[in-house]
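Reviewing the structure listed below.
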Amino acid sequence: MKATKKTFNLIKTRDGERKGVKTHFFCGDSANDPKMLAEIKSYLNLWIESYTSISDEEKEELFADFDGTLHYDVWTYTLEEEGVQKE
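The following block contains the structure:
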């Protein structure tokens, strides 16, 4: 039996705001799916390049412990499983 992929939303929130905006969605087996996390890193890398100019070393440091959450400048991106209520 083939496992069903789950849908995860990437939420972008500005510092000081309570609720963020869904910017994109990704599909994976779990929140730790390496292929999905690589796709998210690629997506966020493109966003950073369009948002600002930082060195490759700074980007490498920014993504060193990437687990689906990224904080840069006044923005926080978080990965949330679709259909799961946050407490």
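The sequence shown begins at 149 in my numbering and counts up one residue at a time.
Heads up, the beta-carbon is just placed ideally off N, CA and C, and yes, glycines get one too.
DSSP state of residue i mapped onto helix, strand, coil
i, result
"Glu229", "strand"
"Ile196", "helix"
"Ile159", "strand"
"Lys170", "strand"
Span separating the alpha-carbon of residue i from that of residue j
i, j, result
"Lys167", "Ser203", "30 Å"
"His172", "Leu158", "5 Å"
"Asp213", "Lys153", "24 Å"
"Leu227", "Tyr191", "13 Å"
"Lys170", "Phe156", "10 Å"
Buried versus exposed, by CB contacts within 10 Å (16 or more), residue i
i, result
"Gly216", "buried"
"Gly231", "exposed"
"Gly164", "exposed"
Close Cβ partners of residue i (< 6 Å) along its chain, the five nearest in sequence each way excluded
i, result
"Thr161", "Gly168, Thr224"
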